[in-house]
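A short worksheet on the structure shown next.
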Amino acid sequence: MLWEGDFPEKVAIGSDSPETTIVLEAVREKMPLVLVMVWSTPRQLQSIEWAVAELDGYGRVQPNGQEALWEPEIVADDATSDVESFDSGVPVVPVVALQTQDRPSDA
78 MLWEGDFPEK VAIGSDSPET TIVLEAVREK MPLVLVMVWS TPRQLQSIEW AVAELDGYGR
138 VQPNGQEALW EPEIVADDAT SDVESFDSGV PVVPVVALQT QDRPSDA
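Just so we're on the same page, our numbering is the position in the sequence shown counted from 1, plus 77.
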């Protein structure tokens with residue numbers, strides 16, 4: 078599990094200064110975090126969303142106000158219907174021929 082959701086009671090810090098205690102108490106309170114969710118397949122990126130989230134009393138992440146950062150543009154089907162795919166049609170055969178070079182003879 079990536080996140081256990083709890084902080085240990087004793088934190089291994091060299092000094093138990095009052096500032097350290099205040100910071101640790103603030104962190105133990107609800108602390109918002111930003112989630113970035115990427116929806117994709119091996120072939121394409123489908124969307125990117127984000128949300129501000131908090132840990133609930135059970136240590137689970139609860140997202141608030143999920144919004145889309147990026148979504149693919151919708152392309153009309155008829156716009157690409159006249160285009161050939163890269164593997165359709167007859168391949169062009171390259172012209173291969175011997176070429177003569179003008180060289181002085183070594184006689």
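Idealized CB from N, CA, C, for every residue including glycine. A quick note: this is a predicted structure, and the numbers were derived from the prediction, not measured.
Member of the options whose CA lies at the smallest distance from the CA of residue i
| i | options | result |
| --- | --- | --- |
| residue 40 | 180, 177, 181, 138 | Because the chain is modelled from 78 through 184, residue 40 falls outside the range shown and cannot be assessed. |
| residue 126 | 133, 111, 120 | 111 |
| residue 128 | 179, 180, 115 | 115 |
Length of the line joining the Cα atoms of residue i and residue j
| i | j | result |
| --- | --- | --- |
| residue 140 | residue 149 | 23 Å |
| residue 117 | residue 167 | 34 Å |
| residue 151 | residue 174 | 48 Å |
| residue 169 | residue 146 | 43 Å |
| residue 172 | residue 120 | 36 Å |
| residue 134 | residue 122 | 34 Å |
| residue 99 | residue 142 | 30 Å |
| residue 176 | residue 182 | 17 Å |
| residue 162 | residue 124 | 25 Å |
Expected contact under 8 Å - CB spacing of residue i and residue j to nearest Å
| i | j | result |
| --- | --- | --- |
| residue 131 | residue 109 | 6 Å |
Residue i CB to nearest heavy atom of the ligand FAD below 8 Å
| i | result |
| --- | --- |
| residue 118 | The ligand FAD is absent from the structure shown, which contains no ligand whatsoever. |
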